[in-house]
Amino acid sequence: MRNQRAAIVGKKLPAAFFRREDVLQIGRELLGQYLFTRLGGARVTGGRIVETEAYAGATDRASHAFGNRRTRRTAVMYQAGGVAYIYLCYGLHALFNIITGPQDIPHAILIRALEPTHGIDLMLRRRSKTRLDRTLTAGPGALAQALGLRVRYSGASLLGNKIWLEKGIDFHPAEIVSTTRVGIEYAGADAQRPWRFLVRGSAWSSRAK
DNA sequence: CCGTCGATCTCCT
DNA sequence: GGAGATCGACGGG
Numbered sequence: 002m003r004n005q006r007a008a009i010v011g012k013k014l015p016a017a018f019f020r021r022e023d024v025l026q027i028g029r030e031l032l033g034q035y036l037f038t039r040l041g042g043a044r045v046t047g048g049r050i051v052e053t054e055a056y057a058g059a060t061d062r063a064s065h066a067f068g069n070r071r072t073r074r075t076a077v078m079y080q081a082g083g084v085a086y087i088y089l090c091y092g093l094h095a096l097f098n099i100i101t102g103p104q105d106i107p108h109a110i111l112i113r114a115l116e117p118t119h120g121i122d123l124m125l126r127r128r129s130k131t132r133l134d135r136t137l138t139a140g141p142g143a144l145a146q147a148l149g150l151r152v153r154y155s156g157a158s159l160l161g162n163k164i165w166l167e168k169g170i171d172f173h174p175a176e177i178v179s180t181t182r183v184g185i186e187y188a189g190a191d192a193q194r195p196w197r198f199l200v201r202g203s204a205w206s207s208r209a210k
């Protein structure tokens with residue numbers, strides 16, 4: 002009942018959504034879905050996802066879990082889908098990922114941008130901004146900061162009432178752009194895979210090169 | 001508008 | 001010792 006009450010705009014995405022094997026398909030389907038947080042207080046913050054990147058676990062050179070590498074940082078990637086993987090990038094920025102697939106399959110989806118819809122004033126405060134524009138939540142580091150997502154929440158369930166997803170828009174394939182992922186030039190042939198997904202024409206996407 | 005650069009944690013060589 | 005799933009400040013055109 003508590004979880005029902007936590008829903009803001011629609012039904013929560015269930016464990017079965019996250020535990021499917023096809024990380025590329027989930028990466029596409031996450032576009033248009035709502036991501037919400039209620040962290041450090043009563044206020045809900047979030048919006049509709051407009052940009053994702055899929056990381057295909059053991060076989061993907063761009064993945065932290067390539068070759069089934071296990072470190073303290075990446076241990077949560079091996080849990081069953083539906084938990085957060087949050088790590089520190091360049092020593093500064095928390096990057097938020099959704100772990101997908103069955104247990105021991107370390108698939109992850111990086112959430113790169115969203116269209117803010119809820120708790121915009123609190124997100125502005127977390128980002129030390131006064132005006133709402135695309136820089137509030139465009140780019141994975143900016144998005145995580147706006148939502149209050151810190152490394153300490155890595156491993157948190159996405160099925161509870163602190164961090165969760167809800168049903169939003171389902172886009173037609175023609176409304177989705179797929180292109181190469183950002184910042185993984187070291188990944189050889191995997192750097193060329195079109196595993197970054199964007200809502201076509203969205204004004205809220207990152208402009209990373 | 002664009003390119004450059006510093007910040008500074010985790011993991012790898 | 002070096003690089004990285006980044007961002008924002010700064011200086012030049």
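So our numbering is basically just the index in the first sequence, starting at one, shifted up by 1.
Heads up, the beta-carbon is just placed ideally off N, CA and C, and yes, glycines get one too.
Asked	Found
Three-pair Cβ contact test at 8 Å for the segment 26 to 35 versus the segment 144 to 154	no
Straight-line gap, Arg73 to Trp165 (C-alpha atoms, nearest Å)	24 Å
Arg117 - containing beta strand (DSSP E), residue span	The sequence given here has Pro at residue 117, not Arg. Residues 108 to 119.
Pairwise C-alpha distance: Pro174 and Leu160	27 Å
Three-state class that DSSP yields for Ala63 in the structure shown	coil
Where the beta strand (DSSP E) through Ile87 begins and ends	85 to 90
Simplified DSSP state of Arg153, which is helix, strand or coil	helix
For Glu54, the nearest candidate out of Ile177, Arg127, Val10, Ile9 (CA to CA)	Ile177
Closer than 6 Å: Glu22 CB and nearest the ligand SAH heavy atom	The ligand SAH is not part of this structure, which contains no ligands at all.
Any alpha helix (DSSP H) of 4 or more consecutive residues that is wholly inside the segment 127 to 192	141 to 148
Beta-bridge pairing of Gly47 - partner residues as DSSP gives them	Phe37, His119
Residue(s) in a DSSP beta bridge with Ala55	Ile110
Pick from Tyr187, Lys168, Arg201 that is closest to Thr180, judged by C-alpha positions	Arg201
Cβ pair count under 8 Å reaching 3, the segment 186 to 201 against the segment 36 to 45	no
Coarse secondary structure for Arg197, derived from DSSP in three states	strand
Among Thr118, Ala147, His65, Gly83, nearest to Asn162 - alpha-carbon criterion	Gly83
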